[in-house]
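Working notes, structure below.
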Amino acid sequence: MSAEAAKTSGLSAKIDNKRKRQAEESSKQAGAATGNAEGPSNKKRKNGKSKPKKGGKDKKDKPQQDASEKEQRDTKQTETKGGIDEAIGKMDGRLLADHFMQKAKRHNKELTAVELSDLSVPESSFLDTSSFDLPRQLEKLPAFLKAFSPKGSDLSKPSEEKGTPHTLVVCASGLRAADAVRALRTFQTKESPIGKLFAKHIKLEEAKQFLERSRIAIGGGTPARISDLIDAGSLKLGELQRIVIDGSYVDQKQRGIFDMKETHLPLLKLLTRSEFRERYGAEEKRIQILIF
Numbered sequence: 001m002s003a004e005a006a007k008t009s010g011l012s013a014k015i016d017n018k019r020k021r022q023a024e025e026s027s028k029q030a031g032a033a034t035g036n037a038e039g040p041s042n043k044k045r046k047n048g049k050s051k052p053k054k055g056g057k058d059k060k061d062k063p064q065q066d067a068s069e070k071e072q073r074d075t076k077q078t079e080t081k082g083g084i085d086e087a088i089g090k091m092d093g094r095l096l097a098d099h100f101m102q103k104a105k106r107h108n109k110e111l112t113a114v115e116l117s118d119l120s121v122p123e124s125s126f127l128d129t130s131s132f133d134l135p136r137q138l139e140k141l142p143a144f145l146k147a148f149s150p151k152g153s154d155l156s157k158p159s160e161e162k163g164t165p166h167t168l169v170v171c172a173s174g175l176r177a178a179d180a181v182r183a184l185r186t187f188q189t190k191e192s193p194i195g196k197l198f199a200k201h202i203k204l205e206e207a208k209q210f211l212e213r214s215r216i217a218i219g220g221g222t223p224a225r226i227s228d229l230i231d232a233g234s235l236k237l238g239e240l241q242r243i244v245i246d247g248s249y250v251d252q253k254q255r256g257i258f259d260m261k262e263t264h265l266p267l268l269k270l271l272t273r274s275e276f277r278e279r280y281g282a283e284e285k286r287i288q289i290l291i292f
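Sequence positions in the sequence shown follow UniProt numbering and run 1 to 292.
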């Protein structure tokens, strides 16, 4: 081989080696770039497995829960206008008796079947008021009472015996009862004030003294206070004709007197007292329950 040929061969080898080194360096750089691009993604996926997103598991169930809750709210809102649950006023005696019992079961799951039976309000006790087509707001309460009282009866006329009303209006709270008493002042006279039978700012002893000295035709109050006054003998039931329950009203949380155990249970205990039970459906001295 000539010197020139050997020189050419050595140069070719150097060029080939240089190309190999360049190729290897390019391959390493490409691999490093790929690693950097995939690194955060892999880390993110790893973190995703070990630490799921907050609430990630619940999100699968949440749409169903939200839909159910929304449906319940929408149903309630379609029946409720201006703080009034219109569905209650459309119930007849049979539906009301069942409504009372279903609420009792829901609020008092610890009670036995016998105990629940003792709290049942008979269908015969209810007067059907579904024909009343005015809004069941407090300003319409006087018209409601007139609509379901015998023709010619004077709702302002009290008994000769003190503390003996012909009508009791039962509300969920003292504040609501105070509002009801104000709405009933159209029946108030000098001789016969509307009885305030609730605990809001009125002590039990004060209420007892009021009944012992006053002739009242109508009283408005809460279940617990009315029961206490009956037990004390101050509130007499000899001429009682009707118990009006403020049942259509709901508060800002869409709760009425039937929706809370703390109001519904005292109401049931009041309505199922023996003094009332024996007069539901009776021919003489009959007592009727009206749902306003």
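Glycine included, C-beta positions come from ideal geometry on N, C-alpha and C.
Say whether the segment 231-240 touches the segment 156-164, bearing in mind that this needs 3 or more beta-carbon pairs closer than 8 Å, one atom from each stretch. yes
Expected contact under 8 Å - CB spacing of I257 and L270 to nearest Å: That pair is no contact at about 11 Å.
Is it the case that the Cβ atoms of T272 and V121 are separated by a distance below 8 Å? yes
Tell me the DSSP secondary structure of G152 in three-state form. coil
Give, in chain order, every unbroken run of the alpha helix (DSSP H) that is at least 4 residues long and sits entirely within the segment 116-186. Within the segment 116-186, the complete alpha helix (DSSP H) segments at least 4 residues long are 141-147 and 174-183, listed from N- to C-terminus.
Just verifying my parser: in three-state terms, what is the DSSP assignment at K203? coil
Who does G219 pair with in a DSSP beta bridge? L168 and G195
Nearest to E191 by alpha carbon, out of S214, V244 and C171? Of S214, V244 and C171, the residue nearest in Cα terms is S214.
Assuming L138 contacts A183 under a Cβ cut-off of 8 Å, what Cβ separation, rounded to an integer in Å, is found between them? Yes, L138 and A183 are in contact; Cβ-Cβ is about 4 Å, under 8 Å.
Using only CA atoms, which one of D85, I84 and G89 lies nearest to I289? G89
Taking the runs of the alpha helix (DSSP H) that are 4 residues or longer, which of them lie wholly in the segment 88-120? 93-107 and 113-118
Can you have a look at H166 and say buried or exposed, based on whether 16 or more other CB atoms are within 10 angstroms of its CB? buried
For S248, is the classification buried or exposed, using 16 other Cβ atoms within 10 angstroms of its Cβ as the cut-off for buried? buried
Between A177 and the rest of its own chain, which residues show a CB-CB distance below 6 Å, the 5 nearest in sequence each way excluded? C171, F198, G220, G221 and T222
In terms of residue numbering, what span does the beta strand (DSSP E) encompassing L290 cover? Q288 to I291
Within the same chain, show all residues whose beta-carbon is closer than 6 Å to that of S274, passing over the 5 residues directly before and after it, in chain order. none
Reference L168, options V250, K140, I243 and E205, closest by Cα: I243
With a CB to CB cut of under 8 Å and the five nearest residues on each side skipped, what residues in its chain are close to E71? Low confidence applies to E71: its pLDDT is 44, below 50, so where it sits in the model is not reliable, and the reading given next is rough at best. Excluding positions up to five away in sequence, the list is empty.
Quick check on DSSP: helix, strand or coil for R277? Helix, per DSSP.
Tell me the rounded alpha-carbon separation between T189 and L119. Here the alpha carbons of L119 and T189 stand approximately 37 Å from one another.
Assigned secondary structure, D251 (DSSP; H/G/I helix, E/B strand, else coil): In the structure shown, D251 sits in coil (DSSP, three-state: anything other than H, G, I, E or B).
Environment of T112 [buried if 16+ CB atoms lie within 10 Å]: exposed
Would the beta-carbon of I218 fall within 8 Å of that of I291? Their beta carbons are not under 8 Å apart, which means I218 does not touch I291 by this criterion.
Out of curiosity, what's the CA-to-CA distance linking H264 and R136? Going by the C-alpha atoms only, they are around 20 Å apart.
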